[in-house]
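Below is one structure, written out as structure tokens; comments come after it.
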Amino acid sequence: MAEADLLAARREKLLRLRDQGVNPYPYSYARTHTVAEVRAAFGSLGPHQRTGTRVRLAGRLVALRRMGRAAFGNVLDRSGRIQIYASTDVLGSELYERFVDLDLGDIVGVAGEPFTTKTGELTVDVGEFTLLAKSLRPLPEKWHGLKDVETRYRQRALDFIANDAARRAVEVRALVLRSCRSYLDAQGFLEVETPILQPIYGGASARPFVTHHNVLGRDLYLRVAPELYLKRLLVGGLEKVYEIGRNFRNEGISSMHNPEFTALEAYEAFGDYERAMELAEGIVEACALAVAGTTRLTYQERELDVTPPWRRASLLDLVAEGSGCDVEKPLPELVAEIEHRGLPLPPPLRNGPKGKVIEHLLETCVQDSLWNPTFVLDFPLDISPLAKRKRGRDDLVERFELYVTGREVANAFSELNDPDDQRERFAMQEALRAGGDSEAQPLDEDFLRDLELGMPPAAGIGFGLDRLIMVFADMPSIREVLAFPPLR
RNA sequence: GGGUCGUUAGCUCAGUCGGUAGAGCACCGGCCUUUUAAGCCGGGAGUCGCAGGUUCGAUUCCUGCACGACCCA
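Shown next as structure tokens:
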């Protein structure tokens, strides 16, 4: 039937119900049990058992199998789906006819006795039912469901009705956020909120979105990271702070990138990046236990073990091993060797900075192999303007990136707190910007002034939570873990 | 930005070496009191993504565009 006819048929039924005095959109329903609660209470019965009790369920009617004067259906609520049974024996013929006149997709309340069928399936024998919301549109196919990716993303509510995995991803996000908060709260951290609209952006190498404040008459940036504000809280003596919120980076969309993404940043005074590693292990372990009950997971049909402690490897060692290149060479010689070996190198990188070349080698020759959690340690100073120099190496900083399933999920430093060094780093960034690097970080005088007050040495870490959620939700694309993915 | 693939009924998909299209589910009617992708009988349902081109004729071939997926930058 054409879609218009399907819609018209439901509209006619809606009118008919109103004529019969039925309110198709009543105000509330006193539910006593979710589906999961019914299963928890009665799930262990053998076949052909009655319970002698009555439950009130509410949810969406997602299947209806008529057999003359009896029918089976399925009701789906937040916690799952359960079979229901309706018969003229219990309802009488008039109510029964009304029951089987329900449409797939209708939201209903049903009250009745849980029992088990001859096959042992837990079923609710409907004694009363109430239409709670008439559905005026057809549902996707019951067996194959809704598969078309474009429709799934454009009509996400329909996707959540039809696909359990889509709903599960929303739940996993909530579990991950809750676990991060519980872990950090238990460690004595304070959850804070810092500006999203910023007069100067900073804290990450990225191009910003620009917006405009009419009353102030000035442009503002959507933050690319909360880092500089969180550090100013450290200066202010808050000592252990974290923020969970949206960052915005003006870049493309891919299976790993979304222009707005959820970040967790945590800063702890008096620690260094060793402490940040402990935090990373603790946070991920807590999430794994909350979502899966174990730290031995499966991601995309491959085993993934996130049990701490994790592998630690130096960036330069990994890159040297993965690319075969001598990364201690000066930039021109390194570029020559890369090209001699036939490795890809985007032309703009040939002029450096050298750190970007090494980072590129990490991405192209190493990262895919970093499946179980791996701390990649000690980054080049020239691409790390907010991190403290590595003890004993002037060209490196105490910084790590955490890789899981071949993807970067976190980035952490021993935070730079020497205001004069920080000013020099900003100057290096300004020079890069002058050289055409649109992602270089702008100098922030207010931040420097606060650093001059004295910021305690500190561990700092930032997680891309969407990517972490992908791991725990076993999803291959960031769009699958966004309730409403971006659309063109 | 580049390459490859895709877009057919509400949904999931076939198909047409160029002659305006099919199935299952869903929907409508009938039968059916333990089904669970229920079953049986019957029925209706399509601008074949959009716009051009070639052709007697295009859903099919060609070009462009839109949207999407994957890969590359």
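All letters in the first sequence, in the order written, are residues 9 to 496 by this note's numbering.
No residue lacks a Cβ here, since even glycine has one placed at the ideal position from N, Cα and C.
Please return the same chain residues whose Cβ sits closer than 6 Å to the Cβ of residue 488, not counting the five positions on each side in sequence. Within the first sequence, residue 488 is the residue found at index 480, counting from 1. Only 177 meet the Cβ criterion.
Environment of residue 348 [buried if 16+ CB atoms lie within 10 Å]: Walking along the first sequence from the start, residue 348 turns up at place 340. Residue 348 is exposed by the Cβ-count criterion.
Give me the residue from 267, 153, 228 and 216 with the minimum Cα distance to residue 496. For the purposes of this step, residue 496 is taken as the residue at position 488 of the first sequence. Residue 496 has its Cα closest to that of 267, out of 267, 153, 228 and 216.
Residue environment, residue 375, which counts as buried when at least 16 other CB atoms sit within 10 Å: Taking the first residue of the first sequence as 1, we reach residue 375 at position 367. Residue 375 should be labelled buried.
Could you tell me the alpha carbon to alpha carbon distance between residue 227 and residue 427, rounded to whole angstroms? Position 219 of the first sequence holds residue 227. Position 419 of the first sequence holds residue 427. Their backbone Cα atoms lie some 27 Å apart in a straight line.
What's the gap between the Cα of residue 39 and the Cα of residue 64? Residue mapping note: residue 39 aligns to position 31 of the first sequence, counting from 1. Residue mapping note: residue 64 aligns to position 56 of the first sequence, counting from 1. Rounded to whole angstroms, residue 39 to residue 64 spans 5 Å at the Cα level.
Give the secondary structure of residue 5 by DSSP, where H, G and I count as helix, E and B as strand, and everything else as coil. Any question about residue 5 goes unanswered here, given that the chain covers just 9 to 496.
Where do the N-terminal and C-terminal ends of the beta strand (DSSP E) with residue 122 fall, by residue? What you label residue 122 is simply residue 114 of the first sequence in a count that begins at 1. Residue range 115-124 is occupied by the beta strand (DSSP E) that includes residue 122.
Suppose you measure from the CA of residue 195 to the CA of residue 286; what does that come to, to the nearest Å? Residue mapping note: residue 195 aligns to position 187 of the first sequence, counting from 1. Residue mapping note: residue 286 aligns to position 278 of the first sequence, counting from 1. The straight-line gap from Cα to Cα measures roughly 11 Å.
Cβ-Cβ separation, residue 396 to residue 421 (assumed contact under 8 Å), whole Å: For the purposes of this step, residue 421 is identified with residue 413 of the first sequence, where counting begins at 1. For the purposes of this step, residue 396 is identified with residue 388 of the first sequence, where counting begins at 1. About 7 Å separates the two Cβ atoms, so the contact holds.
Does the beta-carbon of residue 151 have 16 or more other beta-carbons within 10 angstroms, so that it is buried, or is it exposed? Numbered from its first residue, the first sequence carries residue 151 at position 143. Residue 151 is exposed by the Cβ-count criterion.
Distance between residue 216 and residue 29 (C-alpha atoms, nearest Å): Reading the first sequence from its first residue, position 21 is the one you call residue 29. Reading the first sequence from its first residue, position 208 is the one you call residue 216. If you take the alpha carbons of residue 29 and residue 216, they lie about 57 Å apart.
On a Cα-Cα basis, can you pick out the residue from 71, 103 and 153 that is closest to residue 115? Taking the first sequence and counting its residues from 1, one reaches residue 115 at position 107. The option with the nearest alpha carbon to residue 115 is 71.
For residue 434, the first and last residue of its enclosing alpha helix (DSSP H): As a position in the first sequence, residue 434 is number 426, starting the count at 1. Where residue 434 is concerned, the enclosing alpha helix (DSSP H) stretches over 427-442.
Nearest-angstrom Cα separation, counted from residue 93 out to residue 81: Counted from its first residue, the first sequence places residue 81 at position 73. Counted from its first residue, the first sequence places residue 93 at position 85. In a straight line, the C-alpha of residue 81 is about 6 Å away from that of residue 93.
Would you kindly check if the distance between the Cβ of residue 251 and the Cβ of residue 293 is under 9 Å? Translated into the one-based positions of the first sequence, residue 293 becomes position 285. Translated into the one-based positions of the first sequence, residue 251 becomes position 243. No.
Could you tell me which residues DSSP pairs with residue 229 in its beta bridges? Residue 229 sits at position 221 when you count from the first residue of the first sequence. Answer is 206 and 218.
Along the chain, which unbroken stretches of the beta strand (DSSP E) at least 3 residues long are found entirely within the stretch 92-164? Complete beta strand (DSSP E) runs here, min 3: 115-124 and 130-141.
Roughly how many whole angstroms lie between the Cα atoms of residue 160 and residue 74? Position 152 of the first sequence, counted from the first residue, corresponds to residue 160. Position 66 of the first sequence, counted from the first residue, corresponds to residue 74. Their backbone Cα atoms lie some 30 Å apart in a straight line.
Helix, strand or coil: how does DSSP classify residue 36 here? Counting from 1 along the first sequence, the entry for residue 36 is found at position 28. If DSSP states are grouped into helix, strand and coil, residue 36 belongs with coil.
Excluding the 5 residues flanking residue 236 on each side, which residues of the same chain have their C-beta closer than 7 Å to its C-beta? Numbered from its first residue, the first sequence carries residue 236 at position 228. So the qualifying residues of the chain are 210, 211, 452 and 455.
Taking the alpha carbon of residue 76 as the point to measure from, which residue in 86, 100 and 61 has its own alpha carbon closest? Counting from one through the first sequence, the residue named residue 76 turns up at place 68. That would be 100, whose Cα lies nearest to the Cα of residue 76.
Tell me which residue opens and which closes the beta strand (DSSP E) that residue 313 is part of. Along the first sequence, read from residue 1 onward, the residue named residue 313 stands at position 305. Taken as a continuous stretch (DSSP letters only), the beta strand (DSSP E) holding residue 313 covers 310-313.
What are the boundary residues of the beta strand (DSSP E) that residue 469 is part of? Position 461 of the first sequence, counted from the first residue, corresponds to residue 469. Residues 466-472.
Hey, residue 366 and residue 323 are a contact pair by Cβ (cut 8 Å); roughly how many whole angstroms apart? Taking the first sequence and counting its residues from 1, one reaches residue 366 at position 358. Taking the first sequence and counting its residues from 1, one reaches residue 323 at position 315. Right, their Cβ atoms sit about 7 Å apart.
For residue 382 and residue 279, I'd like the C-alpha separation in whole angstroms. If you number the first sequence from 1, residue 382 lands on position 374. If you number the first sequence from 1, residue 279 lands on position 271. Going from the Cα of residue 382 to the Cα of residue 279 covers about 20 Å.
Which two residues bound the contiguous alpha helix (DSSP H) that contains residue 340? Position 332 of the first sequence, counted from the first residue, corresponds to residue 340. Where residue 340 is concerned, the enclosing alpha helix (DSSP H) stretches over 339-348.
Alpha-carbon to alpha-carbon, residue 263 and residue 16: Counting from one through the first sequence, the residue named residue 16 turns up at place 8. Counting from one through the first sequence, the residue named residue 263 turns up at place 255. Between residue 16 and residue 263, the C-alpha separation is close to 39 Å.
Which of the three DSSP states is assigned to residue 74 in this structure? Indexing the first sequence from 1 puts residue 74 at position 66. Note: residue 74 maps to strand in three-state DSSP.
For residue 59 and residue 53, what's the separation of their Cα atoms in angstroms? By 1-based counting over the first sequence, the position of residue 59 is 51. By 1-based counting over the first sequence, the position of residue 53 is 45. Going by the C-alpha atoms only, they are around 9 Å apart.
Buried or exposed: residue 67, going by 16 or more other Cβ atoms within 10 Å of its Cβ? Translated into the one-based positions of the first sequence, residue 67 becomes position 59. Residue 67 comes out buried.
Could you tell me how far apart the beta carbons of residue 272 and residue 188 are, in whole angstroms, since I believe they sit closer than 8 Å? Here residue 272 refers to the residue found at position 264 when the first sequence is read from its first residue. Here residue 188 refers to the residue found at position 180 when the first sequence is read from its first residue. The pair is a contact, with the Cβ atoms about 5 Å apart (cut-off 8 Å).
Any chance the stretch 118-129 sits against the stretch 139-153, with 3 or more Cβ pairs inside 8 Å? no
I'd like to confirm the pairing. Which residues does DSSP put opposite residue 252 in its beta bridges? Walking along the first sequence from the start, residue 252 turns up at place 244. Looking at the DSSP assignment, residue 252 forms a beta bridge with 272.
Give the secondary structure of residue 402 by DSSP, where H, G and I count as helix, E and B as strand, and everything else as coil. Taking the first residue of the first sequence as 1, we reach residue 402 at position 394. Residue 402: strand per DSSP, three-state reduction.
Residue range of the unbroken alpha helix (DSSP H) whose run includes residue 448: Against the first sequence, residue 448 aligns to sequence position 440. First-last for residue 448: undefined, no H or E at that position.
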